[in-house]
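Novice: Before we start, here is the structure in question, set down as structure tokens.
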Amino acid sequence: MKLAALISGGKDSLYAAYLMALQHQIKYLIAVLPERSDSYMFHHPNIWATELHSEAMGIPLVKGSTAGEKEKELHDLKNLFLQVKNEVEGIVTGALASQYQKQRIDALCEELGLKSIAPLWQKNAEQYWQELLSAGFEVIVTSVSAHGLDESWLGRKIDFQALEELKKLAKKYRFHLGFEGGEAETFVLDMPLFRKKIEVLKARKEWDGARGSYIIEEARLVGKAR
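This is how it looks when you write it as structure tokens:
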């Protein structure tokens, strides 16, 4: 089956694309660049760097921008889906638990005659992290906005040790371990589909005392160690 994967540069969308690529062809990547940071539908931090993900995988990127207005942003997404509609059979997303996002993408796909595929839907968050890390994903945190997640997490790589810390914090402060409630955002530096990995050259932290972002200003692709 030929598919297009909606990606943000974060762990969920790229892991979903990876899982489907094991059995199907990911023909296109699709990215939506919101003009505001509080978009209801789309990931904002470092979305520009999806161009590096596209290059690393050797898969064409179809991208567009949106003003990020509630519901209206779906029209912008539809226009991107229409660009690939005649060449793919379905759209892959990294939806974990957000009914708001999944229902709207499901409806959009149904309208266009495409299959809506969400391989991570309702997956246990701890099991998901274990599988993702075991598969060789290198993931860093690019924003935090939940009690228990402080400035020290910005830019931090999530490995098995960090996961144990996250599990304790999620239990104590009652946030979703998979960050599906917007508690944090992530960025993938490497994964099995990448021919090269991403190296961050320049970044800065923005912190207001309760929430913050890790803004990647410069990055490049580098060869992987054999």
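Just so we're aligned: the sequence shown equals residues 22 to 247 in the working numbering. Don't be surprised by glycine CBs; every beta carbon is placed ideally from N, CA and C. Note that the structure is a prediction, hence the values are computed from the model and not measured.
Are the beta-carbon atoms belonging to Phe208 and Thr163 less than 9 Å from one another?
Specialist: For this step, residue 208 is matched to residue 187 along the sequence shown. For this step, residue 163 is matched to residue 142 along the sequence shown. Yes, the Cβ-Cβ distance between Phe208 and Thr163 is below 9 Å.
Novice: In terms of DSSP beta bridges, what is Ala240 paired with?
Specialist: Taking the sequence shown and counting its residues from 1, one reaches residue 240 at position 219. DSSP lists Val221 as partners of Ala240.
Novice: Provide the residue(s) that pair with Leu24 in DSSP beta bridges, ordered along the chain.
Specialist: Locating residue 24 in the sequence shown gives position 3, counting from the first residue. According to DSSP, which records beta bridges pairwise, Leu24 is partnered with Ile47, Gly111.
Novice: Leaving out five residues on either side along the sequence, give the residues of the same chain with a beta carbon under 6 Å from the beta carbon of His45.
Specialist: The residue you call residue 45 lines up with position 24 of the sequence shown. Cβ neighbours of His45 beyond the five flanking positions: Met22, Leu24.
Novice: Could you give the residue range of the beta strand (DSSP E) that holds Ala156?
Specialist: Walking along the sequence shown from the start, residue 156 turns up at place 135. Run containing Ala156: none; DSSP gives neither H nor E here.
Novice: Grab me the residues of Tyr149's own chain with a C-beta within less than 7 Å of its C-beta, minus the 5 sequence neighbours each way, in chain order.
Specialist: For the purposes of this step, residue 149 is taken as residue 128 along the sequence shown, with counting starting at 1. Excluding positions up to five away in sequence, the list reads Leu141, Gly199.
Novice: Under DSSP, the alpha helix (DSSP H) around Pro94 begins and ends at which residues?
Specialist: To locate residue 94, count along the sequence shown from 1; it is residue 73. The question names Pro, but residue 94 is Glu in the sequence shown. That run of the alpha helix (DSSP H) goes 94-105.
Novice: In terms of residues, what are the limits of the beta strand (DSSP E) holding Glu206?
Specialist: Taking the sequence shown and counting its residues from 1, one reaches residue 206 at position 185. It spans 205-211 - the beta strand (DSSP E) in which Glu206 sits, taken as one unbroken run.
Novice: Roughly how many angstroms lie between the CA atoms of Asn100 and Ser86, to the nearest whole one?
Specialist: Numbered from its first residue, the sequence shown carries residue 100 at position 79. Numbered from its first residue, the sequence shown carries residue 86 at position 65. Here the C-alpha atom of Asn100 lies approximately 10 Å from the C-alpha atom of Ser86.
Novice: Using the rule of at least 16 other Cβ atoms within 10 Å of the residue's Cβ for burial, across every protein chain shown, is Gly79 buried or exposed?
Specialist: What you label residue 79 is simply residue 58 of the sequence shown in a count that begins at 1. Gly79 should be labelled exposed.
Novice: Under the three-state reduction of DSSP, which class applies to Trp142: helix, strand or coil?
Specialist: As a position in the sequence shown, residue 142 is number 121, starting the count at 1. Coil.
Novice: Would a C-beta distance cut-off of 9 Å place Lys178 and Val165 closer than the cut-off?
Specialist: Translated into the one-based positions of the sequence shown, residue 178 becomes position 157. Translated into the one-based positions of the sequence shown, residue 165 becomes position 144. Contact check for Lys178 against Val165 fails: the beta carbons are separated by 9 Å or more.
Novice: Within 10 Å of its beta-carbon, does Lys32 have 16 or more other beta-carbons around it, so buried, or fewer, so exposed?
Specialist: The residue given as residue 32 occupies position 11 in the sequence shown. So Lys32 ends up on the buried side.
Novice: With the cut-off set at 9 Å, would you say Lys223 and Ile237 are in Cβ contact?
Specialist: Here the question's residue 223 lines up with position 202 in the sequence shown. Here the question's residue 237 lines up with position 216 in the sequence shown. If you check the CB distance, Lys223 and Ile237 come in under 9 Å.
Novice: Following the continuous beta strand (DSSP E) through Ser86, name the residue where it begins and the one where it ends.
Specialist: Counted from its first residue, the sequence shown places residue 86 at position 65. First-last of the beta strand (DSSP E) with Ser86: 82-87.
Novice: So, at 8 Å on beta carbons, what are the nonlocal neighbours of Ala70 in its own chain, with the 5 sequence-adjacent residues on each side left out?
Specialist: Walking along the sequence shown from the start, residue 70 turns up at place 49. Taking C-beta separations shorter than 8 Å and ignoring five residues to either side along the sequence, the partners of Ala70 in its chain run Gly30, Phe208, Ile219, Ile237, Ala240, following chain order.
Novice: In three-state DSSP terms, what is Leu186?
Specialist: Here residue 186 corresponds to residue number 165 of the sequence shown, with the count starting at 1. The sequence shown places Glu at residue 186, rather than the Leu named in the question. Looking at Glu186 - three-state DSSP - the assignment turns out to be helix.
Novice: Considering only residues of the same chain and omitting the five flanking positions on each side of Glu147, which have a CB-CB separation below 7 Å?
Specialist: On the sequence shown, position 126 is the one that residue 147 refers to. Excluding residues within five positions, the ones whose Cβ falls inside 7 Å are Lys188, Leu198.
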